[in-house]
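For reference, the structure discussed in these notes is given below.
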Amino acid sequence: MNALLWTVTVLSALLALAALALALLAVRRCRDLYEVVSRRTARGPVLPAAGTPVPPTPVVTVDGAVVDLGERGEDERVLAFLTTDCPACEELAGGLRRALAGLPADAPRPLVVVSGGAAGRAGHVRDFAPVAYVADADGRHPLADALGVTAFPTVLVVSDGRVRRAGHGLAQAGLEAVR
Numbered sequence: 148m149n150a151l152l153w154t155v156t157v158l159s160a161l162l163a164l165a166a167l168a169l170a171l172l173a174v175r176r177c178r179d180l181y182e183v184v185s186r187r188t189a190r191g192p193v194l195p196a197a198g199t200p201v202p203p204t205p206v207v208t209v210d211g212a213v214v215d216l217g218e219r220g221e222d223e224r225v226l227a228f229l230t231t232d233c234p235a236c237e238e239l240a241g242g243l244r245r246a247l248a249g250l251p252a253d254a255p256r257p258l259v260v261v262s263g264g265a266a267g268r269a270g271h272v273r274d275f276a277p278v279a280y281v282a283d284a285d286g287r288h289p290l291a292d293a294l295g296v297t298a299f300p301t302v303l304v305v306s307d308g309r310v311r312r313a314g315h316g317l318a319q320a321g322l323e324a325v326r
């Protein structure tokens, strides 16, 4: 009987040690994952902050027009960044087209920057050309890089050479408030 009691006690102790080891491994894994997630957000914002200067480099559109976003004294202009391989961009496109079409006639013409595959870009150019200037690029557009846009879709409102509002959707960018 003592041998049985001794065996049960030893096995219980070994089982408790194994459970403790597994718990410590789980805590270590959670800590490693937390560091990965923390490091990812530490890379910087994916949206330009209000007040970020707009690069003075003119943007050439697909129809050859030159748009200077760094003009001083300019009213608010909508600037949208879309990619062809982004489901959220496709969801936003219809609402964005309607919002841009509803801007006042005296507002500066919006600029839509489309990156990605040629077929998708052609569709966006066709859809947005009646309501906005459209610029495109095979890869990332230099304007997106210059402004620090790293997530898509991104909608900015710029004036006087600076970003005024930014968001990943129409309401976040305050698009309904554009005059």
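Oh and the sequence shown: position 170 is 317 in my numbering, straight run, nothing missing. Even glycine gets a Cβ: it sits at the ideal position worked out from N, Cα and C.
Extent of the continuous beta strand (DSSP E) to which Gly314 belongs: If you number the sequence shown from 1, residue 314 lands on position 167. Gly314 -> beta strand (DSSP E) spans Arg309 to Gly314.
In chain order, which continuous runs of the beta strand (DSSP E) of length 3 or greater are located wholly inside the region 222-253? 224-230
By the 10 Å Cβ neighbour count, where 16 or more other Cβ atoms means buried, how is Thr312 classified, buried or exposed? Here residue 312 corresponds to residue number 165 of the sequence shown, with the count starting at 1. The identity of residue 312 in the sequence shown is Arg, whereas the question assumes Thr. Classification for Arg312: buried.
Does DSSP put Val206 in a helix, in a strand, or in coil? Residue 206 sits at position 59 when you count from the first residue of the sequence shown. Here Val206 sits in strand by DSSP.
Cβ shell of Leu294 (< 6 angstroms), same chain only, five flanking positions each side left out: Position 147 of the sequence shown holds residue 294. Listed in chain order, the non-local C-beta contacts of Leu294 below 6 angstroms within the same chain comprise Pro195, local neighbours out to five positions each way being set aside.
Of all the options Ser159, Leu216 and Asp179, which has the alpha carbon lying nearest to the alpha carbon of Arg256? Numbered from its first residue, the sequence shown carries residue 256 at position 109. Measuring from the Cα of Arg256, the nearest candidate turns out to be Leu216.
Determine the burial state of Asp179: buried for a count of at least 16 other Cβ atoms within 10 Å of its Cβ, exposed for fewer. The residue you call residue 179 lines up with position 32 of the sequence shown. It is exposed - the Cβ of Asp179 has fewer than 16 other Cβ atoms within 10 Å.
What does Tyr280 pair with, by DSSP beta-bridge criteria? What you label residue 280 is simply residue 133 of the sequence shown in a count that begins at 1. Residue pairing by DSSP places Tyr280 opposite Leu258 in a beta bridge.
Proximity below 8 angstroms, CB of Gly198 to CB of Arg309: Here residue 198 refers to the residue found at position 51 of the sequence shown. Here residue 309 refers to the residue found at position 162 of the sequence shown. The answer is yes: Cβ separation under 8 angstroms.
So for Leu172, helix, strand or coil by DSSP? Mapped onto the sequence shown, residue 172 falls at position 25. Leu172: helix per DSSP, three-state reduction.
Could you tell me the distance, in whole angstroms, from the CA atom of Gly241 to the CA atom of Pro251? As a first step, residue 241 must be located in the sequence shown, where it is residue number 94. As a first step, residue 251 must be located in the sequence shown, where it is residue number 104. The alpha-carbon separation between Gly241 and Pro251 amounts to approximately 18 angstroms.
Leaving out five residues on either side along the sequence, give the residues of the same chain with a beta carbon under 8 angstroms from the beta carbon of Val213. The count along the sequence shown starts at 1 and reaches residue 213 at position 66. If we look at Val213 and ignore the five residues flanking it on each side, its Cβ neighbours are Pro205, Val206 and Val207.
C-alpha gap between Arg176 and Glu238, whole angstroms: The count along the sequence shown starts at 1 and reaches residue 176 at position 29. The count along the sequence shown starts at 1 and reaches residue 238 at position 91. Near 36 angstroms, if we compare the C-alpha coordinates of Glu238 and Arg176.
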